Amino acid sequence: MPRLQQTWDNSAFFSGSDDPQIAVTVERIRAEIDTLATLCAPFVEQIEPAEPLVQDQFEGLLAQVRTAHQQRTATAKRLGNLRTFISSILSVDSRDASASEWKPTLQQLSAEISQATKALDIFLLRVDDAFIQALIADPVLAELSFSLRHQRQLNDQLLSLAEEKLITGLAVNGLQGWGNLYTELSGTLQCTVAGDTVGLAKAFNLLSSPDRTIRSEAWHGVNAAWESRADTVAAILNAINGWRLEETKQRGHHRRLHYLDKSCHQSRIDRTTLDAMMAATYDRRAIGQRALTAMGKVLDIQPAPWDLFAPPPAAGQTEGFSFEAAIELVADAFRQFTPAMGDFAMMMAEKGWIDAKPTPNRATGAYCTSFAEPKEPRIFMTFEGSMNNVLTLAHELGHAWHNWVMQDLPRYKTFYPMTLAETASIFAETLVRDALFEQARSPEQMLKIAWEEGAAAITFLLNIPARFTFEQKLVEARQQGFVIAGTLKGLMRDSWQHWYEDSLTSYDEMFWASKLHFSIAELGFYNYPYLFGYLFSLGIYAQKDHYGAQFNDLYTKLLRDTGSMTAEDVVLRHLQQDIRQPKFWQASLDIVDRAVSRLESLVV
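Counting in my numbering, the sequence shown runs from 2 upward without gaps.
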């Protein structure tokens, strides 16, 4: 078997952040942006034409759209590869000077592409339906079909061409600048744990230690680090949310969107679907609380925030997983579903498409990204041998598999929302948990897997919803003015109390600072899609035995449709169910209930 790598190899693209070819590529992109601006200039007059568009004009305009679309796709792929490369370097070493210098430049180029094509975009959003029908019938432009129909639902939120360009340009040093600041902080802050000075990524992994003293020190160390920058993070959150609120206000001359309506549109779900899911989850929040109580009983403690990632006692009596063993374990679980998925997991490690080796200035968290041309996924995480790390690896490989099965689709049919993105990742986690439980031969082994199922119930039924509640409170408070750090602590405390209730001895009042998701500039409400993916994937997974040998084909087709349908339509088409109704979510929650009951039965 080829040697498995724990650091990624992206040398096929550039040799490093100081590669002279990066500057060459940037200059080529700039030239292509000039070309794009020229190609899109004629559409300025078509945004508000002096005379209505007639069918005789369609052929000429379609040819112009086709040429501009093909150029934009080529330029976006080139820039996408470079952004992925630079981001990958900064994830491993946030202090890489060259990569840090290139990052804002690439953000600026992305904004310039958007500005150069803004006239075309506005034209396509405002033009009559008859032209759109002709466009969709064009073989080259057909990939835009769903994207355009979905975006045109918010036609009344468009500003003038000049205003749209201004917002895009200002966001680089405004909105995105605040997100960049948080990323830099999270990669450079350090804390003390057991006498050692460590980065936040290392400290986070220590929250899975079997030693409660270490977990407590790690949690308090992380919070102390963020407490020292509390006012800075408060400024970041206020700036990001203030920007979003002001932009929504400026766009709302015809119809003011509620912040959740805007988020649901981005997530491609109805507000009815979100409300049904959240209400069903709150009604069943006791499932997650029961899991936390059961785990506390095993550990003989009353759980505190630093115990949320605690392993079962048996885990402390065994050595941790090696990276190689983890890959093989995940691949074997995937193969039980379909051999191709298991082979893919091994290929990811063999080709150096996963970076998991701890480094001093490493970013926190884990993610899956991809290069645009050729279409190759990449995974970033910090692997130190815990079961939690193994499941994170499975989670990210699920994302990568989702990308892989869409390889042959045109670019615009591969853009799926977060709600549907998390489906494949959590489905992959479930495959691994089920495989491990089937292999378990002793009560200790069974408890270890049931423990992970309980931990998932706690995360998705309590922690994720608490994040959602907090962000709602944050946005509503920001509408009234600047929200200081002390108030943010109170909002977070109240949000945790709303969901955890008395299942914890205390709450994580600094979670608004330590959790990256609240400071992602590009997308608000980076929380409920995880709950959606968790419950949705369980609902899909429950159909596995019903469909038998046909299930993998059904699942693959479902994944391939995630870039060209709303979540409601995907489920209706492939599972003939309506996710706007509480019944769908209750069925998935019943599955979680049974998993927690299994954990409780193993607790003595």
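A virtual CB, placed ideally from N, CA and C, is assigned to each residue, including glycine. On a predicted model such as this, the values are computed, not experimentally measured, just so you know.
Hey, how far is the Cα of residue i from the Cα of residue j?
i, j, result
"Thr214", "Trp307", "10 Å"
"Ser268", "Ala240", "23 Å"
"Leu107", "Pro378", "20 Å"
"Glu144", "Ala117", "21 Å"
"Leu330", "Ser323", "10 Å"
"Gln109", "Arg29", "15 Å"
"Phe416", "Pro50", "31 Å"
"Ala100", "Lys358", "19 Å"
"Thr431", "Asp591", "15 Å"
"Lys584", "Thr274", "11 Å"
"Gly317", "Glu374", "Any reading at Gly317 needs caution, since the residue's pLDDT is 46, under 50, leaving its predicted position unreliable; the model's value is listed next. Going from the Cα of Gly317 to the Cα of Glu374 covers about 44 Å."
"Arg581", "Cys369", "29 Å"
"Lys558", "Leu190", "43 Å"
"Ala75", "Leu37", "11 Å"
"Arg285", "Glu60", "56 Å"
"Pro444", "Pro313", "12 Å"
"Gln72", "Gly253", "32 Å"
"His259", "Lys250", "10 Å"
"Gly81", "Asp579", "36 Å"
"Ala478", "Gly175", "21 Å"
"Leu34", "Ala77", "One point to set straight first is that residue 34 is Ile, not Leu, in the sequence displayed. Distance between the alpha carbons of Ile34 and Ala77: 10 Å."
Where does residue i fall in DSSP's three states?
i, result
"Thr374", "What sits at residue 374 in the sequence shown is Glu, not Thr. It is coil, neither helix nor strand."
"Tyr283", "helix"
"Phe428", "helix"
"Ile380", "strand"
"Gln191", "strand"
"Phe533", "helix"
"Tyr508", "coil"
"Val605", "coil"
"Val199", "strand"
"Asp570", "helix"
"Asp356", "strand"
"Tyr417", "coil"
"Tyr548", "helix"
"Tyr527", "coil"
If you drop the 5 nearest sequence neighbours on each side, which residues of the same chain put their C-beta closer than 7 Å to that of residue i?
i, result
"Arg272", "Leu261, Asp262 and Cys265"
"Asn389", "Ser209 and Phe310"
"Ile48", "Ala120, Ile123, Phe124, Arg127 and Leu162"
"Gln152", "Leu126"
"Ala305", "Leu505, Thr506 and Ser507"
"Asp197", "none"
"Ile521", "Gly180 and Tyr527"
"Ser496", "Ala467, Thr470, Phe471 and Lys474"
"Glu248", "Ile168"
"Tyr616", "An answer regarding residue 616 cannot be provided, because it is not within the stretch 2 to 605 covered by the chain."
"Arg434", "Ile450, Glu453 and Glu454"
Checking 8 Å against the spacing of the C-beta atoms, do residue i and residue j come in under that value?
i, j, result
"Thr360", "Phe205", "no"
"Tyr183", "Val223", "no"
"Gly289", "Ala467", "no"
"Tyr529", "Phe469", "yes"
"Val173", "Ala112", "yes"
"Leu492", "Leu505", "no"
"Leu83", "Lys104", "no"
"Val194", "Leu186", "no"
"Leu532", "Met349", "no"
"Gly326", "Met347", "For clarity, residue 326 is Ala in the given sequence; the question names Gly instead. No. Outside cutoff."
"Phe381", "Ala367", "yes"
"Asp97", "Ser12", "no"
"Ser538", "Phe428", "yes"
"Gly534", "Thr424", "yes"
"Leu489", "Leu238", "yes"
"Glu228", "Met511", "yes"
"Val406", "Arg561", "yes"
"Cys192", "Ala225", "yes"
For residue i, collect the residues of the same chain with a Cβ closer than 6 Å to its Cβ; drop the 5 residues on either side in sequence, then sort them by chain order.
i, result
"Asp232", "Ala486"
"Leu463", "Gly289, Trp500 and Tyr501"
"Phe552", "Lys545"
For the putative contact between residue i and residue j, defined by C-beta atoms under 8 Å, what is the C-beta separation to the nearest angstrom?
i, j, result
"Ala202", "Arg363", "4 Å"
"Trp586", "Gly353", "The pair is not a contact, with the Cβ atoms about 40 Å apart (cut-off 8 Å)."
"Leu142", "His70", "6 Å"
"Gly399", "Ser426", "4 Å"
"Ser148", "Ile137", "Their Cβ separation, rounded to whole angstroms, is 11 Å, which puts Ser148 and Ile137 out of contact at 8 Å."
"Phe384", "Gln7", "7 Å"
Identify, in the order they occur along the chain, each residue of the same chain with its Cβ nearer than 8 Å to the Cβ of residue i, setting aside the five sequence neighbours on each side.
i, result
"Ile541", "Thr424, Phe428, Tyr556, Leu559 and Leu576"
"Arg599", "Ala451 and Glu454"
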